[in-house]
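Novice: Residue numbers (our numbering): 287 to 826.
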Amino acid sequence: MGYRGQIIALAALAACLPLALLAPAGDGGALAVAALGAGLALVAPAPRLRPVVAAARLLRELTRAGQGEAAGGPRFGSANEMLADVRQIASTLDALRHRLSNRHPLTELPTREPFLAGLQDHLDQAASPVVLGAIRFGDYDRLAAFDQTAADKALKAFAVRLQEAVGKQRPLAQVDRDCFAIWFKELGPEMAASELQAIAYVLSQEIRPEDLKISPDVGVGAAIFPDDAADAATLLTRAYAALPKPGQPAGALSFFSPRSSSEARERYAMEQDLRAAVSDDQLLLHFQPVVDLAERRCIGAEALLRWRHPERGLVSPGEFVPVLEQSGMMDEVGLWVLNAACREARAWEAAGLPGLKVAVNISAVQFQNPGLNTVILRTLERHGLSPVALELELTETAAMADVERTRRMFGELRELGVSVAIDDFGAGYSSLSSLQNLPFSKLKIDREFVSRVDERREGRAICTALIELALGLEIEVLAEGSETLAEVQTLHALGCNLFQGFYFARPLPGADFVRTVKDPAWLEGLAPAPKRRAPQRNAR
Numbered sequence: 287m288g289y290r291g292q293i294i295a296l297a298a299l300a301a302c303l304p305l306a307l308l309a310p311a312g313d314g315g316a317l318a319v320a321a322l323g324a325g326l327a328l329v330a331p332a333p334r335l336r337p338v339v340a341a342a343r344l345l346r347e348l349t350r351a352g353q354g355e356a357a358g359g360p361r362f363g364s365a366n367e368m369l370a371d372v373r374q375i376a377s378t379l380d381a382l383r384h385r386l387s388n389r390h391p392l393t394e395l396p397t398r399e400p401f402l403a404g405l406q407d408h409l410d411q412a413a414s415p416v417v418l419g420a421i422r423f424g425d426y427d428r429l430a431a432f433d434q435t436a437a438d439k440a441l442k443a444f445a446v447r448l449q450e451a452v453g454k455q456r457p458l459a460q461v462d463r464d465c466f467a468i469w470f471k472e473l474g475p476e477m478a479a480s481e482l483q484a485i486a487y488v489l490s491q492e493i494r495p496e497d498l499k500i501s502p503d504v505g506v507g508a509a510i511f512p513d514d515a516a517d518a519a520t521l522l523t524r525a526y527a528a529l530p531k532p533g534q535p536a537g538a539l540s541f542f543s544p545r546s547s548s549e550a551r552e553r554y555a556m557e558q559d560l561r562a563a564v565s566d567d568q569l570l571l572h573f574q575p576v577v578d579l580a581e582r583r584c585i586g587a588e589a590l591l592r593w594r595h596p597e598r599g600l601v602s603p604g605e606f607v608p609v610l611e612q613s614g615m616m617d618e619v620g621l622w623v624l625n626a627a628c629r630e631a632r633a634w635e636a637a638g639l640p641g642l643k644v645a646v647n648i649s650a651v652q653f654q655n656p657g658l659n660t661v662i663l664r665t666l667e668r669h670g671l672s673p674v675a676l677e678l679e680l681t682e683t684a685a686m687a688d689v690e691r692t693r694r695m696f697g698e699l700r701e702l703g704v705s706v707a708i709d710d711f712g713a714g715y716s717s718l719s720s721l722q723n724l725p726f727s728k729l730k731i732d733r734e735f736v737s738r739v740d741e742r743r744e745g746r747a748i749c750t751a752l753i754e755l756a757l758g759l760e761i762e763v764l765a766e767g768s769e770t771l772a773e774v775q776t777l778h779a780l781g782c783n784l785f786q787g788f789y790f791a792r793p794l795p796g797a798d799f800v801r802t803v804k805d806p807a808w809l810e811g812l813a814p815a816p817k818r819r820a821p822q823r824n825a826r
């Protein structure tokens, strides 16, 4: 029996012991003692819990003695003997409880406190630098957001692979819910870095815990004693601070630096400010027009999240959106964006702009929510907005993470009347055989390929292929990030009608958007339509 079972048995005995001692002879207390003694005799291993079995026997004898005393028989034992047995039971219980608390219940790895105690003992005697590595399983929180069981399975499989990669020669522990630590007793920084990188490579390979298939998001940071810290706890904090930041490549090893510490402090401060921003109405939406050159009119806009900080002013989305994702606030903020965008689209109709469509970005975390379609339907009903006025944008990478689930979700959205666009198309590595079976209505060519398409032969070749693909699938194609007339003319000649970018308009506050797209001068200023190679087909 494991430590948990032993502690449960001991706890039961400890709970029943006072009751058994106080129970009057001849009543139910004797039965409880007898049952407890029999159960412990079955589960308690020898010799570790021999005192427990002895105590159970003592209780049975005590009961019998009580019955004999009531009948005029001999008295049983002494109070000192009984107290000695109880103390032995308490001592055994404390020892087992200590060992259990020092092991993670899921991975069975040592926890933070015993790991740091051992590391501190080593640092107190270390005569050369000591490297401490921190390894984060970045998928855990994202999985736990919609399936805690799946997250636990994945974490356990990740921990098993980590133990196999590290072996028994290195002290290893689970120091946080998704983070592990390892320290190198005899290796210098260069050798330790090489070993950490090799471990990260092994950990990044696909794992299949039961019915899951995951390519782990692995982050590795490291800190060096005594350069970065003089004690174990601070050294671990420094290794945490060196873990990859949002937007940095996964699996790459980075060592602590004063800059990484200040970045961690800044990121935490931004997270706290963002929590206040949600409740204090500091978030707002700007809208970037989407133009159809074939019809020479604005057909809608993409809703883009903005944050007006009371002291910093407008904060770049590139700074705060990764923090939203890492802090687990994206679901809450995403729901706010959906409501605000639908409210604005309804206002467009009242302002004399019927038929416009608002596009809302859905994060990978939101898309994993099994109740997403229900939330969307209720939001549309709340604001009195027709489903055809809403378009959801999902990145190619997020859409391809689980093709079967994506197909089902897209199909349900299409049945509601909501259209779906694949964003940043071409930046991922999708299988076209999977992509062609997804019921989406628009693909957006990534800005990387649109930029200077008139000058770059390779960019023009990629855009040509993507436009041909869209025409073949009978879906719309939109060039995002269009900034120059030459880019617009080149892509329009290749068969692309829909555009979004600074050439036409920057993202605008709601009132400015309405004023701009209603202005005849703005419409007149749209790019002239050169001769197109092929007509744009209707969206399926």
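Glycine included, each C-beta is placed from N, C-alpha and C at the ideal position.
All of these numbers come straight from a predicted model, not from anything done at the bench.
Alpha carbon to alpha carbon, what distance is there between His669 and Asn625?
Specialist: Cα to Cα, Asn625 sits roughly 8 Å from His669.
Novice: So, are the CB atoms of Trp634 and Val774 less than 8 Å apart?
Specialist: Contact: no.
Novice: From Trp593, Ala403, Val576, Val446, pick the residue whose C-alpha is nearest to that of Ile585; which is it?
Specialist: Measuring from the Cα of Ile585, the nearest candidate turns out to be Val576.
Novice: Apart from the five residues on each side of it in sequence, which residues of its chain come closer than 7 Å, Cβ to Cβ, to Pro502?
Specialist: Result list for Pro502: Phe423, Asp425, Phe444, Leu489, Ser490, Ile493, in chain order.
Novice: Can the beta-carbon of Pro793 be found closer than 8 Å to that of Leu590?
Specialist: Yes, these two residues count as a Cβ contact at 8 Å.
Novice: If I follow the unbroken beta strand (DSSP E) through His595, where does it start and stop?
Specialist: That run of the beta strand (DSSP E) goes 583-595.
Novice: So, under 8 Å CB-CB, Arg652 and Gly620 are touching, yes? Tell me the CB distance rounded to an integer number of Å.
Specialist: Correcting the residue identity first, residue 652 is Gln in this sequence and not Arg. Yes, Gln652 and Gly620 are in contact; Cβ-Cβ is about 5 Å, under 8 Å.
Novice: Using a threshold of 8 Å, state whether the C-beta atoms of Phe470 and Val417 are closer than that.
Specialist: Contact flag set, yes.
Novice: Please state if the CB of Phe711 and the CB of Glu682 are separated by a distance shorter than 8 Å.
Specialist: Yes. Within cutoff.
Novice: Express the C-alpha separation of Met616 and Asp567 in angstroms, rounding to a whole number.
Specialist: Computed Cα separation, rounded: 16 Å.
Novice: Counting along the chain, where does the beta strand (DSSP E) carrying Cys628 start and finish?
Specialist: It is not in any beta strand (DSSP E) - Cys628 instead sits in the alpha helix (DSSP H) that spans 616-636.
Novice: So, Ser240 versus Val706, is the Cβ gap smaller than 8 Å?
Specialist: In the structure as shown, the chain starts at 287 and stops at 826, and residue 240 therefore has no counterpart that could be examined.
Novice: With a Cβ-Cβ cutoff of 8 Å, do Leu482 and Leu521 count as a contact?
Specialist: Taking 8 Å as the Cβ cut-off, Leu482 and Leu521 do not qualify as a contacting pair.
Novice: Got a sec, what are the start and stop residues for the alpha helix (DSSP H) Cys749 sits in?
Specialist: Run containing Cys749: 743-759, per the alpha helix (DSSP H) assignment.
Novice: Can you tell me the Cβ-Cβ gap for Lys454 and Thr393, rounded? I've got them flagged as a contact below 8 Å.
Specialist: Rounded, the Cβ-Cβ distance is 15 Å, inconsistent with contact.
Novice: Let me confirm a value: Gln722 is counted as buried when at least 16 other C-beta atoms fall within 10 Å, else exposed. Which label applies?
Specialist: By the neighbour-count rule (16 or more Cβ atoms within 10 Å), Gln722 is not buried but exposed.
Novice: How is Ile648 classed by DSSP in three states: helix, strand or coil?
Specialist: The answer is coil: DSSP assigns Ile648 none of H, G, I, E or B.
Novice: Opposite Lys828 in the DSSP bridges: which residues?
Specialist: Residue 828 falls outside the range modelled here, since the chain spans only 287 to 826, and no answer is possible.
Novice: On the DSSP letters alone, give me the boundaries of the beta strand (DSSP E) that Asp514 sits inside.
Specialist: Where Asp514 is concerned, there is no enclosing beta strand (DSSP E), given that its DSSP letter is neither H nor E.
Novice: Just the Cα atoms here: how many angstroms apart are Asp407 and Val446?
Specialist: Rounded to whole angstroms, Asp407 to Val446 spans 27 Å at the Cα level.
Novice: Take Pro457 as the anchor and find which of Glu677, Gly419, Tyr487, Pro475 has the nearest alpha-carbon.
Specialist: Considering only alpha carbons, the answer is Gly419.
Novice: Check whether the Cβ atoms of Glu766 and Ile731 lie closer than 8 Å to each other.
Specialist: Going by C-beta atoms, Glu766 is nearer than 8 Å to Ile731.
Novice: Kindly indicate which three-state DSSP category Leu419 falls into: helix, strand or coil?
Specialist: According to the sequence displayed, residue 419 carries Gly and not Leu. Strand.
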